[in-house]
């Protein structure tokens, strides 16, 4: 489902309270993906995907999915939907065979 173990995206600009909207995807292999979404603490804003932990979120929802379609549908009407779409798109591009 994902070609990497972890993928992460956050909003470019902080929210009025200084936190960032963020989404982290965790590859669970044959068990699908775990999605963390919510408000990321400003001190974690520059963390890489491998450095992000649940504690970096001041408010977090954790949901598990078996398919991208289910995850996209679930988050469709939420503020983090564009971040998730970006991560899914990047992951799909990384899974394409290289063109020589």
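Residue numbers (the working numbering): 89 to 188.
Backbone N, C-alpha and C define an ideal beta-carbon position, used for all residues, glycine too.
Just so it is clear, the structure is predicted and the values come from calculations on it, not from any experiment.
According to the Cβ coordinates, are residue 133 and residue 108 closer than 8 angstroms?
On the chain shown, residue 133 is found 45 positions in, with the first residue counted as 1. On the chain shown, residue 108 is found 20 positions in, with the first residue counted as 1. Yes. Within cutoff.
Answer yes or no: do residue 110 and residue 171 have a C-beta to C-beta separation smaller than 8 angstroms?
Mapped onto the chain shown, residue 110 falls at position 22. Mapped onto the chain shown, residue 171 falls at position 83. In this structure, residue 171 lies closer than 8 angstroms to residue 110 by Cβ.
Quick check on this structure: which residue in 158, 128, 103 and 115 has the alpha carbon closest to the alpha carbon of residue 97?
Start at 1 with the first residue of the chain shown, and residue 97 comes out as number 9. For the residues 158, 128, 103 and 115, the minimum Cα distance to residue 97 belongs to 128.
For the beta strand (DSSP E) holding residue 162, just list the boundary residues, first then last.
One-based indexing of the chain shown puts residue 162 at position 74. Here residue 162 belongs to no beta strand (DSSP E); instead the alpha helix (DSSP H) covers 156 to 163.
What would DSSP say about residue 186, mapped onto helix, strand or coil?
Translated into positions along the chain shown, residue 186 becomes position 98. Unreliable positioning characterises residue 186 in this predicted model, as indicated by a pLDDT of 48, which lies under 50. The coordinate reading is nonetheless provided below. Residue 186: coil per DSSP, three-state reduction.
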